[in-house]
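Here is the structure we will look at.
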Amino acid sequence: MASFAQERIFLDEQIRFSNKHIFYNNFVALRVTEGVLSINRVLQALQLVLRKHEILRTSLVFNNDDSTLQQYVTDNHKTFTFLDQQNFESDNELQNIIYRTVINPDLFNLSSGRVFSCQVLQQQKTTHESAHTDFLEKSDVLVLYFHHAAVDGTSIPILLNDFYNAYSNNMTVSLDEQSVQYVDYAVHERLMDMTTSRSFWYSQLERFNLQRALKLPVDRHRLPVVQPSSLASVAQISFDKELSTMFLNYASLHQITPFQLGLTVFYMFLFKLTHGETDLCIASINANRYRSELENMIGMFVSTLPYCVQLNSHWSFDELVKHVQEKCLSILEHSHYPLQHILTDFQLNQLDVPFLEILFNFLPVSTNIDRYSIGDVRLEQISIKEANEISQFDFSTMFLYNPTSDDHKLSYLFSCSCDLFDNTTVKTIAQRFQHLMSQIFLTNSNDTEKDLSTKSIKNLSLILPEEADEIYTLSLSRVTSVATEGIAILFSYEKIL
Numbered sequence: 039m040a041s042f043a044q045e046r047i048f049l050d051e052q053i054r055f056s057n058k059h060i061f062y063n064n065f066v067a068l069r070v071t072e073g074v075l076s077i078n079r080v081l082q083a084l085q086l087v088l089r090k091h092e093i094l095r096t097s098l099v100f101n102n103d104d105s106t107l108q109q110y111v112t113d114n115h116k117t118f119t120f121l122d123q124q125n126f127e128s129d130n131e132l133q134n135i136i137y138r139t140v141i142n143p144d145l146f147n148l149s150s151g152r153v154f155s156c157q158v159l160q161q162q163k164t165t166h167e168s169a170h171t172d173f174l175e176k177s178d179v180l181v182l183y184f185h186h187a188a189v190d191g192t193s194i195p196i197l198l199n200d201f202y203n204a205y206s207n208n209m210t211v212s213l214d215e216q217s218v219q220y221v222d223y224a225v226h227e228r229l230m231d232m233t234t235s236r237s238f239w240y241s242q243l244e245r246f247n248l249q250r251a252l253k254l255p256v257d258r259h260r261l262p263v264v265q266p267s268s269l270a271s272v273a274q275i276s277f278d279k280e281l282s283t284m285f286l287n288y289a290s291l292h293q294i295t296p297f298q299l300g301l302t303v304f305y306m307f308l309f310k311l312t313h314g315e316t317d318l319c320i321a322s323i324n325a326n327r328y329r330s331e332l333e334n335m336i337g338m339f340v341s342t343l344p345y346c347v348q349l350n351s352h353w354s355f356d357e358l359v360k361h362v363q364e365k366c367l368s369i370l371e372h373s374h375y376p377l378q379h380i381l382t383d384f385q386l387n388q389l390d391v392p393f394l395e396i397l398f399n400f401l402p403v404s405t406n407i408d409r410y411s412i413g414d415v416r417l418e419q420i421s422i423k424e425a426n427e428i429s430q431f432d433f434s435t436m437f438l439y440n441p442t443s444d445d446h447k448l449s450y451l452f453s454c455s456c457d458l459f460d461n462t463t464v465k466t467i468a469q470r471f472q473h474l475m476s477q478i479f480l481t482n483s484n485d486t487e488k489d490l491s492t493k494s495i496k497n498l499s500l501i502l503p504e505e506a507d508e509i510y511t512l513s514l515s516r517v518t519s520v521a522t523e524g525i526a527i528l529f530s531y532e533k534i535l
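Numbering (the numbering used here), first residue to last: 39 to 535.
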């Protein structure tokens, strides 16, 4: 049988989204910056990677007889080849080619095991340059496409490392026929006793109304009969060095992870954004590689889970941090419990679960992993522009943490569905979040720790400085107007007397 994570992705794509909107197609694009790659050797190396990792050629088939999702290992590595090779003249054209490919509903076919593809994109040569169709040269791009049911984020460096090794070492990588494969993990997972975890999640969520949606500042509402589109409104802001340092220093001093601290700030932000809502239930993700054997395995392990808190508006920030930390640590032990089991336990319909539309994620990144070497060849990873972002959730925020950066170690990205939010609204929301961060970690007081341990979270504000100035000006004008009218009335009264 398929794993619980595969099952969740498969059913989510089939039930929640229409065929024309593809949310689980992902890619990595690598541009050659120095040296030359043989296209034929690239193909051979990828075939070897597919041979080693069965999950990259595993089909998913729904069995109508017993309503189970089955996985079957295919021999697709023997016939694997590139998608149609294309040329591009500009970065905009390159971006459009990648975007059109990644949203193509026919890019993958889960039932036949086609879950991994590759495309060669070559920059158009000038009339004075000769084209070498057998090689990837400077500025040419190699794009790897994969379906999320087969590859999660942690798997990507593993996949790339095996590809580089296969190319560099003349098509030889370790092929241990006895090595544990993803299908073995799926079997093990199905045999696990989850009674304790089921009880844990029931105790965690029984106090919440999981069908009540938070009132976010949307510009419009989606009709119930309309399926979500794939378009996203995106805003990304980088914290300056001082704010990043204060954030990380706080985490270190209080012995909490940056994820836990970022989640705490996000809860506080939602508390203010929803005008004092104290029951906050959102989704977050867990790598779910809870055994050492899973650390270097390609596959889909990520679990999406509800993170729900009932905060007290009189709490200080320190008190909220402690509460969130305890919540995260308790969830970690039971993160393997499948989301679909939670929904079934609470008799929830996957199509109508509000907390699944609000996501928090914390992603450690490194500038170094965006640049790769294969012998003398240098590659850099490129991404598609914000205008081409795809939205899977109605409202999501991602903290990006780059420990190798000297200046902007922390940044965050809000990605919201265009069905509900205008671009200007998302940008304003991001500015409010940054303002909240500044209030928490930057202060004019000389006793920051005392402020955070005593100041009530309800006293923090999302009103931007320029908005506060405008409010003050308007109120001052009104007071002046009232005073002027009062003097005029008094003068008229004296004349009458």
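We treat Cβ as the ideally placed atom computed from N, Cα and C, and that holds for glycine.
Would you kindly report the start and end of the unbroken beta strand (DSSP E) that includes residue i?
{"i": "N125", "result": "124 to 126"}
{"i": "I320", "result": "317 to 324"}
{"i": "V70", "result": "63 to 72"}
{"i": "Y110", "result": "106 to 111"}
{"i": "P22", "result": "Residue 22 cannot be examined here, being either before or after the span of the chain that is shown, 39 to 535."}
{"i": "T96", "result": "96 to 101"}
{"i": "E418", "result": "415 to 420"}
Whole-angstrom Cβ separation of residue i and residue j, contact assumed at under 8 Å?
{"i": "V272", "j": "E427", "result": "5 Å"}
{"i": "R69", "j": "S177", "result": "7 Å"}
{"i": "T285", "j": "L448", "result": "The question names Thr, but residue 285 in the sequence shown is Phe. Right, the Cβ-Cβ distance comes to about 6 Å (below 8 Å), so this counts as a contact."}
{"i": "I422", "j": "I136", "result": "6 Å"}
{"i": "Q160", "j": "Q123", "result": "7 Å"}
{"i": "Q108", "j": "Q44", "result": "Their Cβ separation, rounded to whole angstroms, is 10 Å, which puts Q108 and Q44 out of contact at 8 Å."}
{"i": "L243", "j": "C346", "result": "6 Å"}
{"i": "V303", "j": "I478", "result": "7 Å"}
{"i": "T342", "j": "I323", "result": "5 Å"}
{"i": "D457", "j": "P195", "result": "At roughly 33 Å, the Cβ-Cβ gap does not stay under 8 Å, so D457 and P195 are not in contact."}
{"i": "S155", "j": "L148", "result": "So it is not a contact: roughly 13 Å between Cβ atoms."}
Residue i to residue j, Cα distance in whole Å?
{"i": "F42", "j": "Q378", "result": "8 Å"}
{"i": "S76", "j": "Y205", "result": "9 Å"}
{"i": "E532", "j": "K493", "result": "Because the pLDDT at E532 is just 49, under 50, the model does not fix this residue reliably, and the point stays unresolved."}
{"i": "P402", "j": "T511", "result": "43 Å"}
{"i": "H473", "j": "Q363", "result": "23 Å"}
{"i": "G191", "j": "L514", "result": "53 Å"}
{"i": "F118", "j": "F277", "result": "44 Å"}
{"i": "E127", "j": "N461", "result": "29 Å"}
{"i": "Q469", "j": "L386", "result": "35 Å"}
{"i": "M436", "j": "Y450", "result": "5 Å"}
{"i": "S97", "j": "V189", "result": "13 Å"}
{"i": "Q157", "j": "L121", "result": "5 Å"}
{"i": "N484", "j": "A325", "result": "Any reading at N484 must be qualified, since the residue scores a pLDDT of 49, below 50, and its modelled position is unreliable; no value is offered."}
{"i": "Q219", "j": "E333", "result": "12 Å"}
Run the CB neighbour count on residue i, radius 10 Å, all protein chains shown included, and call it buried at 16 or more, exposed below.
{"i": "R46", "result": "buried"}
{"i": "L281", "result": "buried"}
{"i": "F48", "result": "buried"}
{"i": "H115", "result": "buried"}
{"i": "L370", "result": "exposed"}
{"i": "L311", "result": "buried"}
{"i": "A506", "result": "exposed"}
{"i": "P376", "result": "buried"}
{"i": "H91", "result": "buried"}
{"i": "N482", "result": "Here the model assigns N482 a pLDDT of 48, short of 50, so the residue's position is not dependable and the matter cannot be decided."}
{"i": "A40", "result": "buried"}
{"i": "S368", "result": "exposed"}
{"i": "I534", "result": "With a pLDDT of only 45 at I534, under 50, the local geometry of the prediction cannot be trusted, and the value read off the model is given with reservation. Classification of I534: exposed, given that the 10 Å Cβ count is below 16."}
{"i": "P344", "result": "buried"}
{"i": "L174", "result": "buried"}
{"i": "L528", "result": "Only weak support is given to the placement of L528: the predicted model assigns it a pLDDT of 47, under 50, and the question is left unresolved by the model."}
Considering residue i, what are the terminal residues of the alpha helix (DSSP H) in which it resides?
{"i": "Y137", "result": "129 to 140"}
{"i": "L448", "result": "From DSSP, L448 is part of no alpha helix (DSSP H) but of the beta strand (DSSP E) over 448 to 455."}
{"i": "Q388", "result": "Neither: Q388 is in no alpha helix (DSSP H) and is coded neither H nor E."}
{"i": "L84", "result": "77 to 90"}
{"i": "P296", "result": "296 to 311"}
{"i": "I495", "result": "Run containing I495: none; DSSP gives neither H nor E here."}
Relative to the C-alpha of residue i, which residue among the options is closest?
{"i": "Y439", "options": "E131, E357, Q298", "result": "Q298"}
{"i": "F182", "options": "D172, L94, M230", "result": "It should be noted that the sequence gives Leu, not Phe, for residue 182. Answer by Cα proximity: L94."}
{"i": "K496", "options": "L381, E315, F384", "result": "E315"}
{"i": "I275", "options": "R258, Q82, V464", "result": "V464"}
{"i": "P441", "options": "R152, T283, N207", "result": "T283"}
{"i": "E331", "options": "D222, T119, W239, R260", "result": "D222"}
{"i": "N232", "options": "V80, V179, H374", "result": "One detail in the question is off: residue 232 reads as Met in this sequence, not Asn. Measuring from the Cα of M232, the nearest candidate turns out to be H374."}
{"i": "V179", "options": "N125, H185, F452, F400", "result": "N125"}
{"i": "L500", "options": "W239, P255, A83, V99", "result": "P255"}
{"i": "W239", "options": "I380, R79, F431, F452", "result": "I380"}
{"i": "N207", "options": "A83, D172, S290, Y62", "result": "A83"}
{"i": "S453", "options": "L291, L269, G413", "result": "L269"}
Examine the ligand SAH and report whether any of its heavy atoms sits within less than 7 Å of the Cβ of residue i.
{"i": "V464", "result": "In the structure on display, the ligand SAH does not appear, and there are no ligands present to speak of."}
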